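Numbering (the numbering used here), first residue to last: 3 to 146.
All C-beta atoms in this analysis are idealised placements derived from N, C-alpha and C, irrespective of residue type, glycine included.
Quantities reported herein were computed from a predicted structural model and do not represent experimental measurements.
Input: a single structure, listed below in structure tokens.
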Ligand code: CO
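Pasting the structure below:
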């Protein structure tokens, strides 16, 4: 496994619009993307861009509101009704190599690499194999 940049933290919310208002008005975020629906994950998503140092890209908070109660994020919200940190996402240079490496040491990769909210290939690793943290692995987007 070749650890890359921390791309984002995924935060589940029961009310995406209220969360956007919170990040803008309470946290002072000035760069929040337009929400869109990611049908494959049954979520409505937007990104809060945090500034980096010296003109470098910062990281993101990925806000996720389920579009259906019967979905991965919907079920998670049932147990955590306030919302909160749902997953963390790290970049890797080669998604297929990372999957093979995790599997070789017995980590449970949840499904095949697929296109995620950033338009790049991602997979998730089971939280019980990752110190309790649902972990998203993303192939580094072109241009980064
Ligand atoms: Co994510």
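Proximity test, residue i beta-carbon vs the ligand CO heavy atom, cut-off 6 Å
| i | result |
| --- | --- |
| residue 91 | yes |
| residue 138 | yes |
| residue 141 | no |
| residue 64 | yes |
| residue 86 | no |
| residue 12 | yes |
Beta-carbon gap between residue i and residue j smaller than 7 Å
| i | j | result |
| --- | --- | --- |
| residue 138 | residue 89 | yes |
| residue 51 | residue 62 | yes |
| residue 44 | residue 23 | no |
| residue 125 | residue 109 | no |
| residue 18 | residue 46 | yes |
| residue 7 | residue 93 | yes |
| residue 129 | residue 123 | no |
| residue 49 | residue 35 | yes |
Helix, strand or coil at residue i [DSSP, three-state]
| i | result |
| --- | --- |
| residue 53 | coil |
| residue 65 | strand |
| residue 86 | strand |
| residue 34 | strand |
| residue 74 | helix |
| residue 106 | helix |
| residue 100 | helix |
Spatial neighbours of residue i in its chain, beta-carbon cut-off 8 Å, leaving aside the 5 residues before and after
| i | result |
| --- | --- |
| residue 78 | 14, 88 |
| residue 86 | 13, 14 |
Own chain residues within Cβ distance below 7 Å of residue i, not counting five before or after
| i | result |
| --- | --- |
| residue 120 | 140, 143 |
| residue 103 | 3 |
| residue 33 | 51 |
Status (buried if at least 16 other CB within 10 Å, exposed otherwise) for residue i
| i | result |
| --- | --- |
| residue 127 | buried |
| residue 97 | buried |
| residue 64 | buried |
| residue 39 | exposed |
| residue 21 | buried |
| residue 75 | buried |
is_contact[residue i, chain B] using C-beta, thresh 7 Å
| i | result |
| --- | --- |
| residue 59 | Absent from the structure: chain B. Only one protein chain is present. |
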